[in-house]
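Each residue of the sequence shown is one higher than the one before, starting from 179 at the first, in the working numbering.
We put the beta carbon where it would ideally sit given N, CA and C, even for glycine.
Here the structure comes first, spelled out in structure tokens, and everything after it is commentary.
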Amino acid sequence: MMTSGRRHREWNNHKGLSYLPECSRFEMALCLPSSCSANDLEATLGRLAKEATKDTGLHVEVNVEESACQVSSQMKLRKGDIFFL
């Protein structure tokens, strides 16, 4: 979830666009080595977001849930599966 701290500044100094959302959601997918955890990714993306928005006044919160992570594994086929294919 990304939260914009700009809304507060806009209301107080009447500059900028007034239709910016207070909250917006941004989702993406990344391919990483299976040794990386959700916490590793969250920390890395958090640092990148902080660096990218340091001069904008925006507050970005990064949340990576472990349940959203998947690990690709080789599918084991049985003889019947191979015959069907």
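N- and C-terminal bounds of the alpha helix (DSSP H) containing residue i
i	result
Asp233	Looking at the DSSP string, Asp233 is not in any alpha helix (DSSP H), and its letter there is neither H nor E.
Three-state secondary structure assigned by DSSP to residue i
i	result
Phe261	helix
Ser182	Annotation note: pLDDT 45 at Ser182 (below 50); position unreliable, coordinate value reported separately. In the structure shown, Ser182 sits in coil (DSSP, three-state: anything other than H, G, I, E or B).
Glu205	coil
Cys247	coil
Arg256	coil
Identity of the residue in the options nearest residue i by Cα
i	options	result
Asn217	Leu263, Ser251, Phe261, Glu243	Glu243
Ala227	Phe204, Phe261, Phe262	Phe204
Leu223	Gly258, Cys214, Val240	Val240
Ser215	Arg256, Met206, Arg225, Ala246	Ala246
Are there three or more Cβ pairs, one per stretch, closer than 8 Å when the stretch 232-242 is compared with the stretch 205-212? no
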